[in-house]
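Data block below; observations after.
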Amino acid sequence: MTMSKSFERWSPLLLLAVILLVWELAVRLLRVPDFIFPGPVQITQQFGQFTGALMEAGWKTFWVTMVGFGLSIVVGVLLGFLIGSSRLAYASVYPLMVAFNAVPKAAVVPILVVWFGIGLGPGILTAFLISFFPITVNIATGLATLEPELEDVLRVLGARRWDVLIKVGLPRSMPYFYASLKVSITLAFVGTVLAEMTAGDSGIGYLMQTAGSQQRLPLAFAGLVVIGVMAMIMYELFSWIEKRTTGWAHRGSQAI
Amino acid sequence: MTTPFVDFRNVWLAYNDELLAQNHFAVEDISLQVHEGEFIAIVGPSGCGKSTFMKLTTGLKMPSRGTIHIGGDPVTGPLKISGMAFQAPSLLPWRTTVGNVLLPLEIVEPYRSSFKARRKEYEEKARALLKSVGLGGYEDKFPWQLSGGMQQRASICRALVHEPKMLLLDEPFGALDAFTREELWCALRDLHAAQKFNVILVTHDLRESVFLADTVYVMSRSPGRFVVKRDIDLPRPRDLEVTYTPKFTDIVHELRGHIGASRQPVGGSTVPQ
Numbered sequence: 001m002t003m004s005k006s007f008e009r010w011s012p013l014l015l016l017a018v019i020l021l022v023w024e025l026a027v028r029l030l031r032v033p034d035f036i037f038p039g040p041v042q043i044t045q046q047f048g049q050f051t052g053a054l055m056e057a058g059w060k061t062f063w064v065t066m067v068g069f070g071l072s073i074v075v076g077v078l079l080g081f082l083i084g085s086s087r088l089a090y091a092s093v094y095p096l097m098v099a100f101n102a103v104p105k106a107a108v109v110p111i112l113v114v115w116f117g118i119g120l121g122p123g124i125l126t127a128f129l130i131s132f133f134p135i136t137v138n139i140a141t142g143l144a145t146l147e148p149e150l151e152d153v154l155r156v157l158g159a160r161r162w163d164v165l166i167k168v169g170l171p172r173s174m175p176y177f178y179a180s181l182k183v184s185i186t187l188a189f190v191g192t193v194l195a196e197m198t199a200g201d202s203g204i205g206y207l208m209q210t211a212g213s214q215q216r217l218p219l220a221f222a223g224l225v226v227i228g229v230m231a232m233i234m235y236e237l238f239s240w241i242e243k244r245t246t247g248w249a250h251r252g253s254q255a256i
Numbered sequence: 257m258t259t260p261f262v263d264f265r266n267v268w269l270a271y272n273d274e275l276l277a278q279n280h281f282a283v284e285d286i287s288l289q290v291h292e293g294e295f296i297a298i299v300g301p302s303g304c305g306k307s308t309f310m311k312l313t314t315g316l317k318m319p320s321r322g323t324i325h326i327g328g329d330p331v332t333g334p335l336k337i338s339g340m341a342f343q344a345p346s347l348l349p350w351r352t353t354v355g356n357v358l359l360p361l362e363i364v365e366p367y368r369s370s371f372k373a374r375r376k377e378y379e380e381k382a383r384a385l386l387k388s389v390g391l392g393g394y395e396d397k398f399p400w401q402l403s404g405g406m407q408q409r410a411s412i413c414r415a416l417v418h419e420p421k422m423l424l425l426d427e428p429f430g431a432l433d434a435f436t437r438e439e440l441w442c443a444l445r446d447l448h449a450a451q452k453f454n455v456i457l458v459t460h461d462l463r464e465s466v467f468l469a470d471t472v473y474v475m476s477r478s479p480g481r482f483v484v485k486r487d488i489d490l491p492r493p494r495d496l497e498v499t500y501t502p503k504f505t506d507i508v509h510e511l512r513g514h515i516g517a518s519r520q521p522v523g524g525s526t527v528p529q
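Protein chains in written order, with this note's numbering: chain U, 1 to 256; chain W, 257 to 529.
Shown next as structure tokens:
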């Protein structure tokens, strides 16, 4: 029992180790040149060689993403609240939101560059634009799916719409909210890197773009690893907060 | 007799203007008079407008025709003197049981404005209420840690905590097993005996209605009309044993006959009108 439990916990690392091993072996046995497809060992070496540059670019990407993501939490929650609490807003705003979300964000970056120039603006805004939609949808869904009986129970007591939203709607939508944060944070990283690649002068995206154009693929891969690790850490952070604050929604797994 | 507490006079309800124009009513020509402290049950097949009747009584819906007076006053909006419970307990999973019971007090006046200052006192009250239905020791558990029957008890406590004059129950025991249901019948019977509020119980369980109510109304399906009013003259307090007496069975049987009769036009060859 405990054996399988601890095995389950370590299984992601084990899987990672297996993948890295197979990757390295494949690259070596097939003699793939490193400017086409570098192996893990070579990528790791890049970390030693370019620690400073990678750290600096990583930090830059990180905080640009966080600013954009912070914006998308604020806007996403407010917009979701509006859409979820008003029938009219739901009917009028929702279709437009869907249309907007379907616009490829890569196509928007050049426009942002025209407006805000090369630098931080496009990065922050792309991260925001790409990541607020899931938050909005989830908050709105949580609010809009109240049990009609419960609403009757409260309305008969003279509850105002606001009471119902604050006492019932908002807490109810919290699990949806955290679920959306986990999706959104990974999207936000995608947005930042996208903007940095097309219109940046710093950050991981810019570093990868430059490295790629010089055929220094090991360094570009190292950049990918940095992004992946950052996104994973943030994802885990939100999972942890979610479990702490909305444990009632995950009781099935907790009860055992 | 004094003026009735609940007074429906020729009440018709269509859910919207379109249906009204087509003369399509959810309930038709409902008249009933309920006295203070009386326990009535409304039985009928599903979809006969029982829940509509509840919405009318609580003021959540206004009648298309006819008048409704409660406590002598015409109904003009949601009636705070009523408490409601439904088949689904619909407790909030992020609140403890006592927290759920306290919810109405955070909303309804006069408790609302004094809630912060007198929270302790109200919590004691909620705990006492929970204890009275046998939920002592479970007050600080979360709803999902309770069994279905316990959740339903908590739901009834939530409906009663602001001391309503009228308790409306919409098939509250419908989802429970037979033994739990009988236990809850007794819990409700004792609450009613102790606090003397009015109860309007909507159900499709005839035994339940006869065991609990002073008066049973039988409703027909579309149009929703009252077809029979039956006074239950079994002496109180009633024990579960009474459900095995011939008299009890006779009343249940008689009511069953009315429901059969009220459904006949649907299957019959001649439809009136």
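Each residue gets a CB set at the ideal place from its N, CA and C atoms; glycine is no exception.
Contiguous alpha helix (DSSP H) elements confined to the region 187-236 of chain U occur at 203-213, taking only those with 4 or more residues. Below the 8 Å Cβ cutoff, chain U contributes no neighbours of Lys-421(W), its closest Cβ being approximately 13 Å away. Using a CB distance below 9 Å, the part of the region 310-340 of chain W facing chain U consists of Met-310, Lys-311, Thr-314, Gly-315, Leu-316, Gly-333, Pro-334, Leu-335, Lys-336, Ser-338, Gly-339 and Met-340, ordered along the chain.
Annotation: the continuous beta strand (DSSP E) that includes Asn-454(W) extends over 454-459.
If you look at Glu-151(U), you'll find it in the alpha helix (DSSP H) that goes 148-156. Using beta-carbon distances, His-460(W) does not count as an interface residue toward chain U, since no partner is under 9 Å. For Ser-346(W), a Cβ of chain U is located within less than 9 Å of the residue's own Cβ. Within chain W, no residue has its CB atom less than 7 Å from the CB of Ala-140(U), the nearest being about 19 Å off.
Residue range 338-342 is occupied by the beta strand (DSSP E) that includes Ala-341(W), with no alpha helix (DSSP H) assigned at that position.
Of all C-beta pairs linking the region 345-352 of chain W to the region 395-412 of chain W, three or more are shorter than 8 Å, placing the two stretches in contact. In this structure, the straight-line span from the alpha carbon of Ser-184(U) to that of Phe-132(U) is close to 7 Å.
The criterion of a C-beta distance shorter than 9 Å is satisfied by Cys-442(W) and Leu-496(W). For His-448(W), the enclosing alpha helix (DSSP H) begins and ends at 434-451. Around the C-beta of Val-18(U), fewer than 16 other C-beta atoms lie within 10 Å, and the residue is accordingly described as exposed. Rounded to whole angstroms, Asp-506(W) and Tyr-500(W) show a C-alpha spacing of 10 Å. Excluding its 5 nearest sequence neighbours in each direction, Gly-339(W) has C-beta neighbours in its own chain below 6 Å: Ala-415, Leu-416, Pro-420 and Leu-423, listed in chain order. A contact is defined here as three or more CB-CB pairs under 8 Å, and the region 267-285 of chain W fails this definition with respect to the region 206-219 of chain U. Residues Leu-154 of the same chain have their beta carbon placed closer than 8 Å to that of Asp-163(U), with the five preceding and five following residues left out of the count. With fewer than 16 other CB atoms across the displayed protein chains lying within 10 angstroms of its CB, Ser-6(U) is exposed.
Residue burial is scored here from C-beta neighbours: Leu-288(W) has at least 16 other C-beta atoms within 10 angstroms and is therefore classed as buried.
Counted as a single uninterrupted DSSP element, the beta strand (DSSP E) harbouring Thr-323(W) occupies residues 321-326. Taking C-alpha positions only, Ala-107(U) is separated from Gly-58(U) by approximately 24 Å.
Chain-order list of chain U residues neighbouring Pro-366(W): empty, with the shortest C-beta distance near 11 Å, by a criterion of under 9 Å. For Ala-410(W), not one C-beta of chain U is nearer than 9 Å to its own C-beta. Thr-471(W) and Leu-275(W) have their C-alpha atoms some 31 Å from each other.
Lys-376(W): member of the alpha helix (DSSP H) spanning 375-388, first to last residue.
Rounded to whole angstroms, Val-483(W) and Arg-172(U) show a C-alpha spacing of 42 Å.
Counting the other Cβ atoms within 10 Å of the Cβ of Asp-433(W) gives fewer than 16, which makes it exposed. Nearest CB-CB separation between Gly-158(U) and chain W: below the 9 Å threshold. When C-beta distances to chain W are compared with 9 Å, every residue of the region 52-77 of chain U stays at or above that value. With fewer than 16 other CB atoms across the displayed protein chains lying within 10 angstroms of its CB, Asn-272(W) is exposed. Between the C-alpha atoms of Ile-83(U) and Ala-89(U) there is a straight-line separation of about 5 Å.
Residue pairing by DSSP places Ser-476(W) opposite Arg-481(W) in a beta bridge. Residue burial annotation: Ala-99(U) is exposed, with fewer than 16 other C-beta atoms found within 10 angstroms of its C-beta.
For the C-beta of Arg-155(U), the chain W residues within less than 8 Å are, from N- to C-terminus, Leu-316 and Pro-334. Counting C-beta pairs with one atom in each stretch, the region 59-69 of chain U and the region 186-201 of chain U have three or more that are closer than 8 Å, which means they touch.
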